[in-house]
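Sequential numbering of the sequence shown, starting at 42, is according to the numbering used here.
Every residue, glycine too, gets a C-beta built ideally from N, C-alpha and C.
Structure first, commentary second.
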Amino acid sequence: VRAVPATATSSSCSMTQLAEAEVAGVVAILAQQLGRFKFTRRLTNDVLLLLCGARPAVLWDYYNVVGVENADERCVTRGRVLTLLHLEHVLAALQVACPEAQKLRWLCIDNKSLFLVHADGLRQKLELEVASELAHLQFVAVDSTLPAPRVCTLDEHNHRRSTLATFGTNQLLQSLALSPAGTTLRVLSARVGSSLSANLIALHGWLLEYPVVYCFVHCCGDGDAGPASKGATCLRQQPLNVYSAMSSLRASQRHPHLFISFSCPSEFASLSCKHSIERWWQMLQSRFRSVEVARLWVAPELSVQLVSENIVL
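Structure follows, in structure tokens:
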């Protein structure tokens with residue numbers, strides 16, 4: 042599927058090259074410090090997508106961030122540890138190199154996952170979707186105790202939408218309110234309660250703007266996800282449609298960038314989840330036609346691949 046190319050100004054290439062060079066310099070230092078040097082181009086592209094408002098958030102990686110408010114410093118995720126001061130210095134350097142980065146913030150959720158977010162873009166997303174009660178977000182239950190994935194019931198949908206909306210209002214929007222434009226607070230933190238601890242995968246999908254998210258509906262309660270905490274699901278060998286959206290910087294179209302990818306059980310893709318997926322793609326195309334995005338990026342392309350693999354969340 043190819044979107045209609047957006048119109049760019051004659052100076053778009055030069056502006057892209059300038060922005061890319063500014064951001065790439067800082068990202069290269071960051072990637073080297075974090076042992077992710079081979080991902081420099083991908084990380085640079087993710088930052089550029091944030092800067093122009095193409096995306097409200099990107100999942101940077103899974104880290105234990107020592108020094109974040111309310112963080113459990115004993116918790117180490119995948120053996121990688123960062124300090125609050127490190128994150129502050131990195132974003133400060135990025136903001137000096139590229140003034141547009143003043144709107145970027147780190148977001149540490151439950152001291153397990155680290156996002157880089159566009160504060161205004163994320164705030165707008167949260168306000169609009171909380172107001173609509175996340176009506177367009179589809180939940181698919183994937184508990185290992187189920188014989189196969191299934192679309193959540195109406196009650197299950199309403200409960201999960203309400204839980205995410207409450208978290209968005211009480212945690213994320215309040216954190217963003219503490220970090221207005223021009224503030225020196227560059228690292229935000231949010232803690233999930235027991236109602237969300239077993240469904241971080243759904244929270245991540247929502248923040249990353251997936252139209253379809255997986256969740257666990259047979260958790261043990263009190264924050265204990267049971268088998269779900271180990272990532273066990275019923276997705277094994279299930280036919281899945283994998284949706285991948287790609288775009289390229291206008292100045293370097295030889296290097297397409299995969300910036301969002303999600304899956305949906307194939308049997309639901311043309312039925313229960315069809316409207317949400319189509320709406321998501323229309324929204325994404327519209328965003329890439331905006332002046333701010335179109336001056337840097339070509340129109341996105343969407344590919345759909347049928348896979349059947351052992352998926353672990």
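Taking all protein chains shown into account, decide if residue i is buried (16 or more other Cβ within 10 angstroms of its Cβ) or exposed.
| i | result |
| --- | --- |
| Gly234 | exposed |
| Leu312 | exposed |
| Asn211 | exposed |
| Thr204 | buried |
| Pro252 | buried |
| His298 | buried |
| Asp184 | buried |
| Thr194 | exposed |
With which residues is residue i paired in a DSSP beta bridge?
| i | result |
| --- | --- |
| Val348 | Leu281 |
| Val158 | Ala98, Arg146 |
| Thr274 | Asp184 |
| Ile242 | None, per the DSSP bridge assignment. |
| Gln179 | Val253 |
| Phe303 | Tyr284 |
| Val88 | According to DSSP, Val88 bridges with nothing at all. |
| Val106 | Leu123 |
Give the secondary structure of residue i by DSSP, where H, G and I count as helix, E and B as strand, and everything else as coil.
| i | result |
| --- | --- |
| Gln136 | helix |
| Phe257 | coil |
| Glu197 | helix |
| His296 | coil |
| Ser173 | coil |
| Ser313 | coil |
| Arg330 | coil |
| Ser216 | helix |
| Leu123 | strand |
| Ala189 | coil |
| Val233 | coil |
| Glu114 | Any reading at Glu114 is ruled out, since the residue's pLDDT is 41, under 50, leaving its predicted position unreliable. |
Would you mind stating whether residue i and residue j have Cβ atoms separated by less than 9 Å?
| i | j | result |
| --- | --- | --- |
| Trp338 | Ser288 | yes |
| Val348 | Leu281 | yes |
| Ile150 | Ala231 | yes |
| Glu250 | Ile301 | yes |
Quiz item: When the Cβ atoms of the region 123-134 are set against those of the region 159-178, are three or more pairs found closer than 8 Å?
Solution: Contact between the region 123-134 and the region 159-178 is absent, because fewer than three Cβ pairs lie under 8 Å.
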